[in-house]
Amino acid sequence: MGATDSTSDFRHPALLLIDLQRGFFADPGLAASRQQITANCNRLAAAAARAGVPVISVRTVHKEDRSTWTLKMLEDGQGYLFEGTAKAGYLEELELAGAIEVVKRRDSAFWNTELTTLLLQRRASSLVLAGVATDTCIRATASDAFAANLPVAVATDACASPDPQAGQNALEYMSTQHRQKLMDTEEIISLWTRQEERKCH
1 MGATDSTSDF RHPALLLIDL QRGFFADPGL AASRQQITAN CNRLAAAAAR AGVPVISVRT
61 VHKEDRSTWT LKMLEDGQGY LFEGTAKAGY LEELELAGAI EVVKRRDSAF WNTELTTLLL
121 QRRASSLVLA GVATDTCIRA TASDAFAANL PVAVATDACA SPDPQAGQNA LEYMSTQHRQ
181 KLMDTEEIIS LWTRQEERKC H
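Taking UniProt numbering, the leading residue of the sequence shown gets 1, the next gets one more, and so forth.
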C-alpha cells in the first residue's frame with residue numbers, strides 16, 4: 001500500500017482483533033490467558049471506538065468440503081473451525097458491537113481477504129494487532145503488513161500463544177526484523193487519547 005514512510009507513524013490506525021474464537025481457546029495454553037486477553041481486547045475496542053479508530057475483527061472459518069483447508073489439514077485429514085459451529089464463533093465475553101468482520105482461511109489476515117480494501121476505504125495507514133496466536137496468525141499478519149509498508153504495534157498483553165517461548169520469540173522477531181512496536185494496552189490507549197486531544201486543539 002505504501003501508506004507511510006515511518007515505522008512509528010500511527011496517526012491513522014486500525015485495530016485488528018485476530019481469532020478470538022472458542023476453538024482456539026480450547027487449547028490449555030490459551031485458556032489460561034483467556035481472561036486477560038479478552039479484557040484487554042475489550043478495552044482496546046472501546047478506546048478505539050471513542051477515538052474513531054476502525055475496529056476489525058478477524059475470524060478463521062473453514063468449509064467442511066475441504067475446499068479451504070490448509071496443506072497440513074489435508075495431510076492430516078482433519079479440518080477445524082467449520083462454518084456455523086460453536087468452535088468457529090467468538091468468545092462470549094467479547095464486546096464487538098460496531099466491529100467490521102473479516103473472515104480468513106489462512107494465518108495472515110491479508111491472505112485472500114478484503115482487509116486491504118477495508119483499510120484503504122477507512123484511510124487507515126497503520127495497525128494495532130491483538131488476539132491469538134502470537135507466533136502464528138499475529139506474526140503472519142504483521143509480516144504482510146510490513147510488506148505493505150504499514151506500521152504495526154502489537155498489544156503484548158492482549159495477545160498470547162499456546163507456547164509462551166514461541167510467542168516471545170515471535171515478538172522479538174517482529175520488533176528487531178520489522179521494527180514493529182511492542183506496546184501494552186495502556187500505552188496504546190494513551191496514544192489514541194493524546195491523538196484525540198491534539199485534534200481538539
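Just so it is clear, CB atoms sit at the ideal spot from N, CA and C, and this is done for glycine as well.
Quick test of your reading: alanine 14 and valine 53, contact by CB under 8 Å. State the CB separation rounded to the nearest angstrom. 6 Å
Proximal residues to alanine 47 (C-beta, below 7 Å), its chain only, five neighbours per side dropped: Ile189 and Trp192
If contacts are defined as beta-carbon pairs under 8 Å, then alanine 45 and leucine 17 qualify, I think. What distance do you get, rounded to the angstrom? Contact flag correct, Cβ pair sits at about 7 Å.
Three-state class that DSSP yields for proline 13 in the structure shown: strand
My output table needs one value for glycine 2: the three-state DSSP class, helix, strand or coil. With a pLDDT of 47 at glycine 2, under the threshold of 50, the modelled position of that residue is not reliable, and no figure is offered here.
Is alanine 170 helix, strand or coil by DSSP? Looking at alanine 170 - three-state DSSP - the assignment turns out to be helix.
Using C-beta distances below 7 Å, list every residue in its chain close to glutamate 196, excluding the 5 sequence neighbours before and after it, in chain order. Shown here for glutamate 196: same chain residues with a beta carbon closer than 7 Å to its own, the five before and five after excluded, namely Ala51 in chain order.
Determine the DSSP secondary structure at glycine 98, reduced to helix, strand or coil. coil
Ignore the nearest five residues each way along the sequence and tell me which others in lysine 181's own chain have a CB closer than 6 Å to its CB. Ala153
The alpha helix (DSSP H) that contains serine 143, what's its start and end? 139-147
So who's on the other strand from cysteine 159, going by DSSP bridges? Gly131, per the DSSP bridge assignment.
In whole angstroms, what separates the C-alpha of serine 108 from that of tryptophan 69? Straight across, the Cα-Cα distance linking serine 108 with tryptophan 69 is about 14 Å.
In three-state DSSP terms, what is alanine 153? strand
Since alanine 170 and threonine 116 are thought to touch, with beta carbons under 8 Å apart, how far apart are those beta carbons, to the nearest angstrom? Not quite, the Cβ-Cβ distance comes to about 23 Å (not below 8 Å), so this is no contact.
Separation of threonine 113 from lysine 63, as counted between CA atoms: 16 Å
In whole angstroms, what is the alpha-carbon distance linking threonine 85 and histidine 178? 36 Å
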